[in-house]
Amino acid sequence: MSEERDYNEELEAIFGKSTDLRVAYKDSGMYPSQIILDRNKFLRRIVKVCVAGIGLALVCLMVLSFGLNKAANKDPISLAFLLSPENSVVELQQTSLPSITEKDVLKFASDKVKEFHKISFTDYIEYITSLEDEFTNQRAFDNYQLQMMNSKLIDQITSRKLTSWSEPTSAPRIVDFDEDNYIWHIQMTFDWFMGGGNYSTNGREYQIDLIIHSVSRDKNIRGLAVDSYFLKSVRG
């Protein structure tokens, strides 16, 4: 019985105290067939777990390989860094996405109309000169100055010591857009007023056509500049 108890304790140590396995004796010999069968069952269970684990690992490996292959073949994204005058990064964005919206262009055009026609007799030369960076090149800037001189209002402003300002009479609208080169044709109307002291005009209505280009932000922080400026009187 002592030997039987030793074997039973060994079984409990292997399979746990809750096992129902017990050493069986017949006559003077011991027949551990039950133990052998259960050990084989235990080994089969281990094999099944291992096979399932290997299968799961293969599935994970396939998913990982697919993800890596897709990431490796993805088109690279070009990034543009917008730097401030102090060379600090201001903005980070994909160059594949439009960096200038239609709203930006219309707002730019409206702002330029106000700036281009806000003139004072005291410093009109310096002020007009300061607007050069709002144009794509010297030719465009010279054209703006020529249009201003042809309007004859500069002469009145300087001779009568007046100031001028503009008030829009219509919202700016996009007449044409060159999508390949990012060039906009913007048109709007405005009243151009002059005044000084007790004197003030009723204003003249003008139509303005602007050709606006997308430019490097190194030239203009808003990424836009005027390439052509056409001014036409609507009524006296």
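The numbering of the sequence shown is our numbering, which starts it at 95 and goes up by one.
Here a beta-carbon is modelled for each residue, glycine too, at the ideal position from N, C-alpha and C.
- In the DSSP assignment, Glu-220 falls within the unbroken alpha helix (DSSP H) covering 218-224.
- Bounds of the alpha helix (DSSP H) holding Ser-204 are 196-210.
- Taken through DSSP and simplified to helix, strand or coil, Asp-312 comes out as coil.
- Relative to the Cα of Asp-217, the nearest Cα in the group Thr-257, Tyr-293 and Asn-181 belongs to Thr-257.
- Listed in chain order, the non-local C-beta contacts of Gly-149 below 6 Å within the same chain number zero, local neighbours out to five positions each way being set aside.
- Beta-bridge partners assigned by DSSP to Val-320: Phe-229 and Ile-306.
- The C-beta distance from Val-320 to Lys-208 rounds to 13 Å, too long to meet the 8 Å contact threshold.
- Measuring C-alpha to C-alpha distances from Arg-316 to each of Glu-228, Ala-146 and Lys-168 identifies Glu-228 as the nearest.
- Out of Trp-278, Lys-326, Ser-294 and Ile-251, the CA that lies nearest to the CA of Gln-301 is found in Lys-326.
- Annotation for Thr-252: the continuous alpha helix (DSSP H) segment containing it runs 247-254.
- In terms of Cα proximity to Lys-197, the closest of Asn-314, Ile-268 and Arg-311 is Ile-268.
- Cβ-Cβ separation between Phe-210 and Thr-252: approximately 17 Å, too far for a contact (criterion under 8 Å).
- Listed as beta-bridge partners of Lys-326 by DSSP are Gln-301.
- For Ile-306 against Ala-203, the beta-carbon gap comes to about 6 Å, under 8 Å, which counts as contact.
- In the structure shown, Ser-294 falls within a strand segment according to DSSP collapsed to helix, strand and coil.
- Ser-258 carries a strand assignment under DSSP once its states are collapsed to helix, strand and coil.
- DSSP places Phe-271 in the uninterrupted beta strand (DSSP E) bounded by 267-272.
- In this structure, the straight-line span from the alpha carbon of Ile-213 to that of Ser-310 is close to 28 Å.
- Beyond the five residues adjoining it in sequence on each side, Val-199 comes within less than 8 Å, by CB distance, of Ile-268, Trp-278, Ile-280, Ile-306 and Leu-318 in the same chain, given in chain order.
- Per DSSP, Ser-193 has no beta-bridge partner at all.
- Here Ile-194 is near Tyr-276, since their CB atoms are less than 8 Å apart.
- The beta carbon of Met-242 lies closer than 6 Å to those of Ile-248 in the same chain, with the five residues before and after it left out.
- Residue state for Ser-159 is assigned as helix, using DSSP reduced to three classes.
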